[in-house]
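What follows is a short report on a single structure.
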Amino acid sequence: MATQARIAPITRLLRWAIPTTPQRQPFHIQHHPALPPPSAIVTGAGSRGSETDLGNGSATAILLAEAGAAVLCVDKDLPPAEHTASLINNNNTINQGQGQGQGQGQGVAIKADVTHPQDCQRIVEHALASVGRLDILINAVGVMGARGTAVDINVTSMLLMAKYAIPAQAAQQQHAADGGRTAVVAGECVESSVQREQIDSFWDDTWVEMLYTPMMYRDGMSEEMREKRRNRSLLGTEGNAWDCAHAIRFLASDEARWITGAVLAVDAGATAAVLLPLDA
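Quick note on numbering: the sequence shown equals residues 273 to 552 in my numbering.
Following this line, the structure appears as structure tokens:
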């Protein structure tokens, strides 16, 4: 009872302060008018859900495009990547009936396996050839598991993408004030603490918990498990891919220019709840 008494007031405060339903707001990624539009690569951008039920990668690609970026939507299967690109280019209604995208940026689909070095190199070369620059790299691909293939996808793929993307960003930094930004999306698909430590040591991270995405229900998450996850957080609510995508869009923007090496938890306060001091 003492623990509940300590946590409950904080929960009420946060619920008053933070809306429980994500709202898409007008937002622009600034760039010099003499330069081409900003270019972004989003791995794991394929959409396998409905137009109102997207994964982290596809939602992020859509918001970056709405902010003005030309987005390369990467997936190991071409149809899901094409679906996300079509949502961007066709200006479809996609966010819980809240309105249509602004459509300033464009989406291009590409099939690639980010666990293969040659594919990662091809992705970066495609971005440079089509837009002329590379400003943003979002590693949103991820699968469940603690070893083997999961390590290749959750960790190794990020290193490979950085291997080819960062030199391209560094080269254009010679001609502009900002070379580029790299962010990582990780969360409950990263089951191993070793994987998390490896990811944390390299990039700005967006740790996502409590989000109900197509990955969760494809793996058969029960209603009982959803309720347990929801109750682990301070807000006591369940998020979705748009909550993650808004945080990533901020990290990719000029407003986050003085943020680096940071871990941003998008988890309804679940991390803070674990760290709260408990009464004896």
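Beta carbons: idealized from backbone N, C-alpha and C, even for Gly.
Computed from a prediction, not measured in an experiment: that's the story for all the values here.
Given residue i, which residues of its chain have a CB within under 7 Å of its CB, disregarding the five upstream and five downstream residues?
{"i": "residue 522", "result": "528"}
{"i": "residue 465", "result": "Per-residue confidence for residue 465 stands at a pLDDT of 41, beneath the threshold of 50, marking its modelled position as unreliable; no derived number is given."}
{"i": "residue 436", "result": "392, 393, 396"}
{"i": "residue 350", "result": "381, 383"}
{"i": "residue 541", "result": "286, 505, 506, 507"}
{"i": "residue 398", "result": "344, 382"}
{"i": "residue 402", "result": "380"}
{"i": "residue 361", "result": "378, 379"}
Have a look at the options and flag the residue whose alpha-carbon is nearest the alpha-carbon of residue i.
{"i": "residue 518", "options": "332, 434, 441", "result": "332"}
{"i": "residue 343", "options": "351, 359, 349", "result": "359"}
{"i": "residue 439", "options": "509, 400, 501, 327", "result": "400"}
{"i": "residue 434", "options": "409, 413, 426, 425", "result": "409"}
{"i": "residue 414", "options": "496, 347, 498, 504", "result": "347"}
{"i": "residue 453", "options": "499, 530, 379", "result": "530"}
{"i": "residue 407", "options": "338, 326, 495, 313", "result": "313"}
{"i": "residue 337", "options": "379, 327, 315, 328", "result": "379"}
{"i": "residue 412", "options": "510, 509, 512, 327", "result": "327"}
Can you list, in chain order, the residues of its chain whose CB lies under 6 Å from that of residue i, leaving out five sequence neighbours each side?
{"i": "residue 545", "result": "506"}
{"i": "residue 620", "result": "The structure shown has nothing for residue 620, since the chain only spans 273 to 552."}
{"i": "residue 330", "result": "317, 319, 356"}
{"i": "residue 503", "result": "none"}
{"i": "residue 470", "result": "Since pLDDT at residue 470 reaches only 44, below the 50 mark, its modelled position is unreliable, and no value is offered."}
Could you pull the start and end residues of the beta strand (DSSP E) that residue i belongs to?
{"i": "residue 411", "result": "408 to 411"}
{"i": "residue 536", "result": "535 to 538"}
{"i": "residue 382", "result": "379 to 383"}
From what residue to what residue does the alpha helix (DSSP H) around residue i run?
{"i": "residue 432", "result": "429 to 445"}
{"i": "residue 399", "result": "389 to 403"}
{"i": "residue 520", "result": "513 to 523"}
{"i": "residue 503", "result": "495 to 503"}
Could you check whether the Cβ of residue i sits closer than 8 Å to any Cβ belonging to chain C?
{"i": "residue 311", "result": "The structure shown contains no chain C; it holds only a single protein chain."}
Uninterrupted beta strand (DSSP E) stretches inside the segment 309 to 367 (no shorter than 3 residues): With a minimum length of 3 residues, the continuous beta strand (DSSP E) runs that stay inside the segment 309 to 367 are 311 to 315, 342 to 347.
Cβ contact check for the segment 430 to 445 and the segment 383 to 400: 3 or more pairs under 8 Å: A contact exists between the segment 430 to 445 and the segment 383 to 400.
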